[in-house]
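**Q** Under the working numbering, the first residue of the sequence shown carries the number 6, and numbering increases by one thereafter.
I have a structure here, written as structure tokens, and I will follow up with some questions on it.
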Amino acid sequence: MTARKTLSQAKVDNIGHAAARLHRLLKELGHAEGLQQSAATMPDARDRLSFIDQTMHEASEKTISAVENSLPLTERTRTTCADLVERLSAAPDLAHHTVMQETVSRLGEIASAEEALRHNLLQIMEAQEFRDVAGQMVNKILDAAVEIERILLDILREHAPDSQTGSLIRTDGLTAGPAMKSQSDGLNGQDEVDDLLASMGF
């Protein structure tokens, strides 16, 4: 049987501290102000982040829907104002009446305000679409962090001194959700990972 190569204690310590720090950061990422109570019922940081991302996505969809419903209203208001201005201006007996002149002026102001509102609504839509893209990028970064975390623990398991390997067990990701966990001999959640790292002094 080939002897297992063991890293120096200093290297093992560095890897262990890196794994512990990454684990803590991922746990902290699972909490967001206003969502902590709901997210706290979920055992894994990955589940909490997925919940938060889904909640933000639903909020984004509602915002976009509201904007889409509002845009036709602003268009109709501007059209109505333009029509009234044209009709009032064309009336010979009212064209020089002070009240009518003021009415025409105010209708023009309303039309301008509606145009500005339409522009702002379109900007909101663009911002929400960017949030969706940003959310996809965050998920990819999270997947990479979870994979790095798994690799670090695997390195610890394979290369830690014999005095420490007794407490190390195989893991398929410290913060992996149910779909990513091994069906056997894996860590069953963040509490077990915390215990494992603590037992190694990390």
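Ideal Cβ placement from N, Cα and C applies to all residues, glycine included.
Note that the structure is a prediction, hence the values are computed from the model and not measured.
Tell me whether threonine 103 is buried or exposed, calling it buried when 16 or more other Cβ atoms sit within 10 Å of its Cβ.
**A** Here threonine 103 is exposed: its Cβ has fewer than 16 other Cβ atoms, across all protein chains shown, within 10 Å.
**Q** Consult DSSP for aspartate 148 and reduce its assignment to one of helix, strand or coil.
**A** helix
**Q** Compare the C-alpha of threonine 108 against each of Leu93, Ala25, Lys67 and name the closest.
**A** Leu93
**Q** If you reduce the DSSP assignment to three classes, tell me which class serine 3 lands in.
**A** Outside the shown range of the chain, which is 6 to 207, sits residue 3, and nothing can be said about it.
**Q** Residues in the same chain with beta-carbon distance under 7 Å from glutamine 188, minus the five sequence neighbours each way, listed in chain order, please.
**A** For glutamine 188, the predicted model reports a pLDDT of 33, less than 50, meaning its position is unreliable; a value from the coordinates is still stated below. If we look at glutamine 188 and ignore the five residues flanking it on each side, it has no Cβ neighbours.
**Q** What do you reckon, are the CB atoms on alanine 71 and glutamate 154 nearer than 8 Å?
**A** no
**Q** Looking only at its own chain, which residues have a Cβ that is under 6 Å from the Cβ of leucine 89, when we skip the five neighbours before and after it?
**A** Leu112
**Q** Determine the burial state of valine 151: buried for a count of at least 16 other Cβ atoms within 10 Å of its Cβ, exposed for fewer.
**A** Classification of valine 151: buried, given that the 10 Å Cβ count is 16 or more.
**Q** On the criterion of 16 or more Cβ atoms from any shown chain inside 10 Å, does histidine 28 qualify as buried, or is it exposed?
**A** The residue is buried, with at least 16 neighbouring Cβ atoms inside 10 Å.
**Q** From valine 143 to isoleucine 57, what does the alpha carbon distance come to, in whole angstroms?
**A** 12 Å
**Q** According to DSSP, is arginine 75 part of a helix, a strand, or is it coil?
**A** First, the amino acid is wrong: residue 75 is serine here, not arginine. Correct three-state label for serine 75: helix.
**Q** So alanine 116 and alanine 87 are in contact, right, with Cβ under 8 Å, and what is the actual spacing, rounded?
**A** 6 Å
**Q** Pick helix, strand or coil for methionine 102, following the three-state DSSP scheme.
**A** The displayed chain sequence assigns histidine, not methionine, to residue 102. Coil.
**Q** Quick check: threonine 68 and glutamine 133, are their CB atoms within less than 8 Å of each other?
**A** yes
**Q** Check whether the Cβ atoms of leucine 76 and arginine 26 lie closer than 8 Å to each other.
**A** no
**Q** Alpha carbon to alpha carbon, how far is aspartate 98 from arginine 81?
**A** 28 Å
**Q** Who are the Cβ neighbours of phenylalanine 135 in its own chain at under 7 Å, not counting the five residues just before and after it?
**A** Contacts found: none.
**Q** In this structure, how does DSSP classify serine 13 when only helix, strand and coil are distinguished?
**A** coil
**Q** Comparing C-alpha positions only, which one of Asp52, Gln59, Glu66 sits nearest to glutamate 131?
**A** When Asp52, Gln59, Glu66 are compared, the shortest CA-CA separation from glutamate 131 is found for Glu66.
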